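Enquirer: Let me give you the structure first, and then I'll get to my questions.
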Amino acid sequence: MTTQPVNDAPLLEVKDLKVGFRTGKKAVLTAVDGASLSIYPGQTIAIVGESGSGKSTLAHAVIDLLPGSGHVISGEILFEGRDISRADRKAVLALRGSSIGLVPQDPMSNLNPLWKVGRQIKEALVANGVATGDAADKRVVELLEEAGLPDAETRARQYPHEFSGGMRQRALIAMGLASRPKLLIADEPTSALDVTVQKQILDHLDTLTDTLGVAVMLITHDLGLAAERADHLVVMYRGKIVESGPAREILQDPQHPYTKRLVSNAPSLASQRLSSVRARAEVREQAVQTASEIAAEVAESSSALGEGRDDILVAENLTKIFTLRGSKPWEKIDFAAVEDVSFRLRRGTITAIVGESGSGKSTVARMVLDLLPPTSGNVIFDGKNVRDLKGRGEHLRLRRQMQPVFQNPYASLDPLYSIYQSIEEPLRTHEIGTKKEREAKVRDLLDKVSLPTTVMSRFPTELSGGQRQRVAIARALALDPEVVICDEAVSALDVLVQAQILELLNDLQAELGLSYLFITHDLAVVRQIADDVLVMQNGKVVEAASVSEVFDNPGQEYTRRLLDAIPGASIPLGG
Amino acid sequence: MWWYVAKRLLQTIPVFLGATLIIFLLTKLRPGDPIVALAGNKPISDEVRQALRDQYHLNDFVLVQWLYFLKDVVTFNPDFVGLDGQPVFQKISNALPVTATLALMALAMDAVIGIVVGTIAGLRRNGWFDSITLVLSLVLLSVPIFVVGFVLQFLFGVKFGIFSPTVGGDWSVGDLILPAFVLAIANIATTTRLTRTSVANNLTADHVRTARAKGLSESLVIRNHVLRNSLVPVVTYIGINLGSLMAGAIITEGIFNVQGIGNLAFQAVNRGDTPLTVSVVAVMVMIYVFMSLIVDLLYAVLDPRIRYV
Chain Z
7 MTTQPVNDAP LLEVKDLKVG FRTGKKAVLT AVDGASLSIY PGQTIAIVGE
57 SGSGKSTLAH AVIDLLPGSG HVISGEILFE GRDISRADRK AVLALRGSSI
107 GLVPQDPMSN LNPLWKVGRQ IKEALVANGV ATGDAADKRV VELLEEAGLP
157 DAETRARQYP HEFSGGMRQR ALIAMGLASR PKLLIADEPT SALDVTVQKQ
207 ILDHLDTLTD TLGVAVMLIT HDLGLAAERA DHLVVMYRGK IVESGPAREI
257 LQDPQHPYTK RLVSNAPSLA SQRLSSVRAR AEVREQAVQT ASEIAAEVAE
307 SSSALGEGRD DILVAENLTK IFTLRGSKPW EKIDFAAVED VSFRLRRGTI
357 TAIVGESGSG KSTVARMVLD LLPPTSGNVI FDGKNVRDLK GRGEHLRLRR
407 QMQPVFQNPY ASLDPLYSIY QSIEEPLRTH EIGTKKEREA KVRDLLDKVS
457 LPTTVMSRFP TELSGGQRQR VAIARALALD PEVVICDEAV SALDVLVQAQ
507 ILELLNDLQA ELGLSYLFIT HDLAVVRQIA DDVLVMQNGK VVEAASVSEV
557 FDNPGQEYTR RLLDAIPGAS IPLGG
Chain F
7 MWWYVAKRLL QTIPVFLGAT LIIFLLTKLR PGDPIVALAG NKPISDEVRQ
57 ALRDQYHLND FVLVQWLYFL KDVVTFNPDF VGLDGQPVFQ KISNALPVTA
107 TLALMALAMD AVIGIVVGTI AGLRRNGWFD SITLVLSLVL LSVPIFVVGF
157 VLQFLFGVKF GIFSPTVGGD WSVGDLILPA FVLAIANIAT TTRLTRTSVA
207 NNLTADHVRT ARAKGLSESL VIRNHVLRNS LVPVVTYIGI NLGSLMAGAI
257 ITEGIFNVQG IGNLAFQAVN RGDTPLTVSV VAVMVMIYVF MSLIVDLLYA
307 VLDPRIRYV
């Protein structure tokens with residue numbers, strides 16, 4: 007982080023910028039409405055906002071890469087004193103790459119899959135007249151090394167699909183900085199990556215831009231991350247800049263109601279607060295009580311599958327081995343996705359499984375849900391071994407008592423089913439109630455997840471991401487399950503929506519005595535929702551303990567790394 | 007990759023057996039006595055009929071007849087004859103060059119016109135060129151090939167006399183220009199539309215925006231990051247087309263009197279000549295299978311992500 011030089015003129019000055027998209031013949035949707043900001047040479051500022059707030063549009067306007075019908079309606083974008091919003095194509099082309107660099111959001115889609123990585127960086131050097139021929143090839147290797155890519159010479163000759171996500175993002179950083187721009191626009195540069203990789207990359211980007219004296223415009227949805235990385239914050243909400251100022255000031259004394267909500271609810275920040283631990287404890291007490299009442303009922307009833315035990319879900323030495331094809335037709339490679347995983351979920355509590363992508367946590371979820379047969383090991387649901395279930399009838403009963411909520415609410419709802427049909431479907435499958443009773447149940451469920459009954463006739467595309475996830479939760483609750491398995495259930499959502507859904511899950515647990523298995527890559531949300539944590543790495547459990555133990559006294563180096571990677575943890579909060 | 011090629015080549019065996027068996031059975035289901043057709047619908051004595059039936063194994067069980075056929079084909083028996091007593095392999099090798107030339111010419115027209123027009127339309131989506139292209143391709147797709155064929159034959163062959171209206175047995179490449187164009191028309195329309203959509207989609211791809219952000223000029227962006235990426239699906243489609251072009255030649259060869267595979271197949275089916283029909287169709291099936299293998303391999307050349315195991 008650099009402090010801003012006082013006497014310098016700003017490098018970039020955005021004055022009262024309005025950007026719109028043509029949506030019809032005359033209709034214009036204003037995405038950025040009267041934004042003003044300035045960046046001084048070498049300064050890092052962060053623009054924070056939720057999806058649709060106009061933060062990316064603002065960034066793209068600066069480099070004149072607005073998609074589709076996007077255009078600057080009014081205002082000025084001054085780069086080194088010259089207005090580039092009205093400059094001709096040639097002048098803008100001269101700025102791109104050489105004066106203003108871009109590190110885009112999604113490393114998976116931002117490299118051309120058909121060209122070698124080195125060639126794609128060389129292209130930038132040649133186009134901006136930095137170097138050509140062999141000199142350019144040499145420079146490419148230097149740049150990749152500088153971006154922290156080991157074995158850069160070999161890597162330059164590889165294709166993007168041979169790179170991991172983190173490596174691709176490093177290549178994109180090398181590309182963005184290739185021609186030594188004065189301003190680097192980093193558009194959510196790490197939101198598609200695992201938390202630990204995210205931290206490494208951001209650390210590296212920080213040092214690099216510091217040494218090179220490059221000004222950075224960091225676009226992010228994560229307030230904690232923004233505050234940690236930038237000295238100046240700009241908060242955007244619905245196309246307008248609602249607050250801007252020094253990062254620490256905004257975090258400790260937010261003025262605008264939206265910023266206040268962000269500061270109090272963003273999981274990365276809320277996870278530091280002890281208040282969230284206390285709130286969770288209260289919820290658990292209530293939930294355990296309700297759950298034990300339900301357990302007593304289950305023990306007496308003959309229609310339920312289980313026996314009303316305290317440990318409602320037990321996994322014993324679960325192992326899943328996938329057999330992959332080798333390079334020759336007769337070769338087979340065994341890949342252990344999950345190795346010897348055991349845990350118990352107590353009635354009315356929440357156990358979280360935390361790990362990076364590829365750690366095997368979702369495979370565990372699928373085995374527990376009886377959607378994937380384990381290679382060895384047992385899943386015991388309320389005293390009954392799932393392996394011993396006989397016939398469709400018993401499997402259906404298990405499904406009634408254990409329901410999933412998946413990560414992507416865009417994909418887990420059938421786009422051709424109305425919301426009513428989606429929620430009613432499990433009731434119909436299990437032949438529960440008459441048509442009237444089912445309708446009453448759907449209304450009741452929508453009420454439980456705080457959605458108006460008017461959404462019943464609407465379709466998934468008409469709802470926001472948070473609303474869709476509420477629908478998915480309502481569907482999971484339709485059969486009155488005892489266990490809900492949430493596989494990254496809040497990961498695809500904006501921070502404030504995340505906080506709302508977590509609260510909803512807590513409330514529902516207290517009310518219905520549910521038990522959750524909560525799978526996530528984000529330790530930050532764990533503190534608000536979980537009681538016990540299982541940390542997974544490469545298919546194995548490396549640490550299993552209560553939430554407070556894991557947060558206050560992590561036993562494993564890997565867990566510590568995950569904790570350190572929660573952005574904004576080092577910043578003292580007000581309030 | 008060689009494992010993949012070997013596997014694919016092995017797969018052609020069941021394809022060959024299955025295809026010939028199905029067509030063999032279908033021709034047997036066809037009403038009418040092939041011996042009567044052979045005799046030109048004149049009455050023949052029972053001895054002659056029996057002799058002919060024995061010669062062609064017509065008295066055997068149908069699957070046995072198929073095995074006799076397979077034996078002749080697999081051993082390339084030069085005495086393997088059709089109902090008219092003429093060697094089948096000879097006939098096919100006479101007819102194949104003209105059809106292959108015709109199909110390759112049609113393929114070249116398809117690729118060149120389709121890709122060029124489609125690319126321009128895709129780059130200027132919703133412009134006047136794009137709109138005209140879309141309407142025109144829709145018209146070409148909806149008009150049957152025999153209508154286009156006869157109209158063009160009349161206009162360019164008869165009225166203006168630029169091309170010879172028919173080809174005949176003694177053909178030259180120049181004669182085939184008009185038939186090849188007629189054959190290619192529907193495919194050109196589809197290739198154009200496919201290229202257009204592919205180019206237009208690629209224009210909005212994230213990596214294209216990144217290329218612009220790097221400071222590349224528009225022409226470099228298009229050449230390096232839009233065109234090659236857009237061609238991947240198009241090449242697949244065009245390659246598969248060669249097979250369908252050979253099959254589609256039946257109508258075109260009829261209109262322009264080209265003595266090719268299509269004509270041969272047509273005559274063989276008409277006469278109920280099972281050995282010839284099945285052989286011709288088997289050749290077409292094999293060409294189709296090998297073309298799709300070549301396309302799959304080409305796909306890996308264009309797209310480094312594709313690896314065959």
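Protein chains in written order, with our numbering: chain Z, 7 to 581; chain F, 7 to 315.
Where is the CB? At the ideal position from N, CA and C, for every residue including glycine.
All of these numbers come straight from a predicted model, not from anything done at the bench.
How long is the line joining the alpha carbons of T8(Z) and S418(Z), rounded to whole angstroms?
Expert: Here T8(Z) scores only 46 on pLDDT, less than 50, and its place in the model is too uncertain to base an answer on.
Enquirer: If you scan the segment 54-138 of chain F from start to end, which runs of the alpha helix (DSSP H) of 4 or more residues do you find wholly inside it?
Expert: Correct list: 68-80, 94-129.
Enquirer: Name the DSSP beta bridge partners of P582(Z), please?
Expert: In this structure chain Z extends from 7 to 581, so residue 582(Z) is not present and cannot be described.
Enquirer: Going by beta-carbon coordinates alone, are L568(Z) and T202(Z) separated by less than 8 Å?
Expert: Yes, these two residues count as a Cβ contact at 8 Å.
Enquirer: In the structure shown, what three-state DSSP assignment does N263(F) receive?
Expert: Of the three classes helix, strand and coil, the one that applies to N263(F) here is coil, per DSSP.
Enquirer: Take the Cβ of Q92(F) as the centre, count every other Cβ of all protein chains shown within 10 Å, and call the residue buried at 16 or more, exposed below.
Expert: Exposed: under 16 other Cβ atoms inside 10 Å.
Enquirer: Chain F partners of S104(Z), CB-CB under 9 Å?
Expert: Neighbours of S104(Z) on chain F, chain order: G221.
Enquirer: I'd like to know whether the C-beta atoms of N323(Z) and S382(Z) end up nearer to each other than 8 Å.
Expert: Result yes, Cβ atoms of N323(Z) and S382(Z) sit closer than 8 Å.
Enquirer: Which residues does DSSP pair with D39(Z) in a beta bridge?
Expert: For D39(Z), which the question treats as bridged, DSSP gives the partners K24(Z).
Enquirer: Counting only beta-carbon separations shorter than 8 Å, does K334(Z) have a partner in chain F?
Expert: So, interface residue.
Enquirer: If the cut is a Cβ gap below 8 Å, which residues of chain F does E129(Z) touch?
Expert: Ordered by position in chain F, the residues that pass the 8 Å Cβ test against E129(Z) are A217, K220, L222, L226, N230.
Enquirer: Buried or exposed: which applies to A302(Z), given that a residue is buried once 16 or more other Cβ atoms fall within 10 Å of its Cβ?
Expert: Classification for A302(Z): exposed.
Enquirer: On a CA-only basis, which of G249(F), F166(F), T139(F), V104(F) is nearest S178(F)? Give me that one, please.
Expert: That would be V104(F), whose Cα lies nearest to the Cα of S178(F).
Enquirer: My understanding is that A219(F) touches I69(Z), with C-beta atoms under 8 Å, so please give their C-beta distance in whole angstroms.
Expert: Indeed, because the Cβ distance is near 6 Å, the residues count as touching under 8 Å.
Enquirer: Assuming L140(F) and A192(F) make a contact with CB atoms under 8 Å, what is their CB distance in whole Å?
Expert: Between A192(F) and L140(F) the Cβ distance is about 15 Å, and since that is not below 8 Å, they are no contact.
Enquirer: Where does the unbroken alpha helix (DSSP H) through V477(Z) begin, and where does it stop?
Expert: Unbroken alpha helix (DSSP H) run through V477(Z): 471-483.
Enquirer: Does any C-beta atom of chain F lie closer than 8 Å to the C-beta of D143(Z)?
Expert: No, its Cβ sits nowhere closer than 8 Å to a Cβ of chain F.
Enquirer: List, from N- to C-terminal side, the alpha helix (DSSP H) runs of 4 residues or more that fit wholly inside the segment 492-534 of chain Z.
Expert: You should have 501-518.
Enquirer: How far does the alpha helix (DSSP H) with A190(F) in it reach, from first residue to last?
Expert: Element bounds for A190(F): 183-209.
Enquirer: Are any of the Cβ atoms in chain Z nearer than 8 Å to that of P310(F)?
Expert: Yes, because at least one Cβ of chain Z sits closer than 8 Å to the Cβ of P310(F).
Enquirer: For K96(Z), report the span of its alpha helix (DSSP H) as first-last.
Expert: Note, K96(Z): alpha helix (DSSP H), 95-101.
Enquirer: Using a Cβ-Cβ cutoff of less than 8 Å, which residues in the same chain neighbour V68(F) once the five nearest sequence positions on both sides are dropped?
Expert: Answer for V68(F): F30, L31, K34, listed in chain order.
Enquirer: Since I69(Z) meets chain F, which of its residues come closer than 9 Å, beta carbon to beta carbon?
Expert: Those are R218, A219, listed as they occur along chain F.
Enquirer: Using the three-state DSSP reduction, which class does D70(Z) fall into: helix, strand or coil?
Expert: D70(Z) falls in the coil class under three-state DSSP.
Enquirer: Which runs of the alpha helix (DSSP H) spanning at least 4 residues fall entirely within the segment 408-447 of chain Z, listed in chain order?
Expert: Whole alpha helix (DSSP H) segments, 4+ residues: 425-435.
Enquirer: If you follow the alpha helix (DSSP H) that N271(Z) is in, where does it begin and where does it stop?
Expert: Note, N271(Z): alpha helix (DSSP H), 263-271.
Enquirer: Can you name, in chain order, every residue of its own chain whose Cβ lies under 6 Å from the Cβ of H66(Z), other than the five neighbours on each side?
Expert: Closer than 6 Å at Cβ, skipping near neighbours: L72.
Enquirer: If you count every other CB in all the chains shown that lies within 10 Å of the CB of Q56(F), and 16 or more means buried, which is it?
Expert: Q56(F) is exposed by the Cβ-count criterion.
Enquirer: What does H227(Z) reach in chain C if we use C-beta pairs closer than 7 Å?
Expert: Considering every chain present, this structure includes no chain C. Its protein chains are Z and F.
Enquirer: Do the segment 360-376 of chain Z and the segment 290-308 of chain Z meet, that is, are 3 or more Cβ pairs less than 8 Å apart?
Expert: Result no; under three Cβ-Cβ pairs closer than 8 Å.
Enquirer: What does the alpha-carbon distance come out to for the pair F95(F) and D85(F)?
Expert: So the alpha carbons of these two residues sit roughly 9 Å apart.
Enquirer: Cβ of I207(Z) within 8 Å of Cβ of L199(Z)?
Expert: Yes, these two residues count as a Cβ contact at 8 Å.
Enquirer: Residues in its own chain within less than 7 Å of P113(Z) by CB, not counting five upstream and five downstream?
Expert: Contacts found: G171, R174, Q175, L178, A198.
Enquirer: For the beta strand (DSSP E) holding F328(Z), just list the boundary residues, first then last.
Expert: Here the beta strand (DSSP E) through F328(Z) covers 317-331.
Enquirer: In chain order, what residues of the same chain lie with their CB nearer than 6 Å to the CB of P379(Z), ignoring the 5 residues before and after it?
Expert: Same-chain partners within the cutoff: there are none.
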